[in-house]
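First to last, the protein sequences are chains R and X.
If you're matching positions, the first sequence starts at 585 in my numbering and goes up one per residue.
If you're matching positions, the second sequence starts at 193 in my numbering and goes up one per residue.
Below: the structure, in structure tokens.
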Amino acid sequence: GAGVSQSPRYKVAKRGQDVALRCDPISGHVSLFWYQQALGQGPEFLTYFQNEAQLDKSGLPSDRFFAERPEGSVSTLKIQRTQQEDSAVYLCASSLGQGSTGELFFGEGSRLTVL
Amino acid sequence: GQNIDQPTEMTATEGAIVQINCTYQTSGFNGLFWYQQHAGEAPTFLSYNVLDGLEEKGRFSSFLSRSKGYSYLLLKELQMKDSASYLCAVRSQGAGGSYIPTFGRGTSLIVHP
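Here it is in structure tokens:
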């Protein structure tokens, strides 16, 4: 597609439920980032992939959060046993690579509400 | 760690000029970005600075001083549609050796008629 696509756009989960958020980056983009954005805040870094390799997962808040990008294209962010504090917009961004300006192209985000 | 500071909110009048400041403290600096984010939408790229000086792009300009850890975004001839959040992001080397953009909390700009 022309841009970064994320699904679902909205997800309501009961506390304790597992959720999976999908990101389809721009074709050919090597770098893929996941960010978490709470209301009124800037995006907080979660994890970074270069192709299929997860090179940095230092921002994942707990071991309930897991991300993968098995074929170096589509990525999935999984949150197990969701808690209310997980409620946020999860943004995926891709870029050509670490070189050049490294401009990030963001998807529309997946808004997660945990009840 | 990273420390990025920008004002929470600013207001300005249509047609005027506004300057949004961003200060940062980091190691391994590798560039500074400005993004615009309208409510409920994805951030969109505005500018990138890696060397000191001013980058101009239409009504938007961005300035960087690496020695002072300081940048600003200048918006001229303000329009109502410029009402949005403006995010400053610093790219630096992360834990895994890769370059990771870290965002400030954003400055909410309100443009009045």
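We treat Cβ as the ideally placed atom computed from N, Cα and C, and that holds for glycine.
Taking the beta carbon of Ile292 of chain X as reference, the chain R residues within 8 Å of it are Phe617, Phe629, Tyr632, Asp640, listed in sequence order.
When 8 Å is used as the limit between beta carbons, Arg283 of chain X is near these residues of chain R: Gly686, in chain order.
Around the CB of Ser615 of chain R, 16 or more other CB atoms lie within 10 Å, so the residue is classed as buried. Only Asn222, Gly223, Phe225, Tyr227, Gln229, Gly232, Glu233, Ala234, Pro235, Thr236, Phe237, Tyr240 from the segment 214–241 of chain X bring a Cβ to less than 9 Å from some Cβ of chain R.
The Cβ-Cβ distance between Ser259 of chain X and Ser277 of chain X does not fall below 9 Å.
Contacts with chain R (Cβ-Cβ distance below 7 Å) from the segment 264–280 of chain X involve Leu279, listed in chain order. Burial check for Gln211 of chain X: the Cβ neighbour count within 10 Å stays below 16, so the residue is exposed. If you compare the alpha carbons of X:Tyr227, X:Ser284, X:Asn195 with that of Phe689 of chain R, the shortest gap goes to X:Tyr227. Taking CB atoms only, Phe295 of chain X has a neighbour in chain R less than 9 Å away. The C-beta distance from Val596 of chain R to Leu699 of chain R rounds to 7 Å, short enough to meet the 8 Å contact threshold. Close partners of Gly250 of chain X in chain R (Cβ separation under 7 Å) are lacking, with about 17 Å as the shortest Cβ gap. Asp274 of chain X sits in a helix when the DSSP states are folded into three classes. Taking the Cβ atoms as the reference, Tyr632 of chain R lies roughly 6 Å from Ser290 of chain X, within the contact range of under 8 Å. Taken through DSSP and simplified to helix, strand or coil, Gln211 of chain X comes out as strand. Measuring C-alpha to C-alpha distances from Val242 of chain X to each of X:Asn222, X:Ser254, X:Thr236 identifies X:Asn222 as the nearest. Ser591 of chain R and Asp602 of chain R have their C-alpha atoms some 15 Å from each other.
With contact defined as three or more Cβ pairs closer than 8 Å, the segment 265–284 of chain X and the segment 227–236 of chain X are in contact.
By the Cβ test, the segment 264–271 of chain X is in contact with the segment 243–254 of chain X, since at least three Cβ pairs between them sit closer than 8 Å. According to the DSSP assignment, Pro293 of chain X belongs to the beta strand (DSSP E) that extends over 291–295. Interface criterion met: the Cβ of Gly286 of chain X is under 9 Å from a Cβ in chain R. In the three-state reduction of the DSSP assignment, Gln668 of chain R falls in the helix class. Secondary structure at Thr203 of chain X: strand, using DSSP grouped into helix, strand and coil. Not a single CB atom of chain X sits nearer than 9 Å to the CB of Gly612 of chain R. Note on Leu623 of chain R: under 16 other CB atoms within 10 angstroms of its CB, so exposed under the neighbour-count rule.
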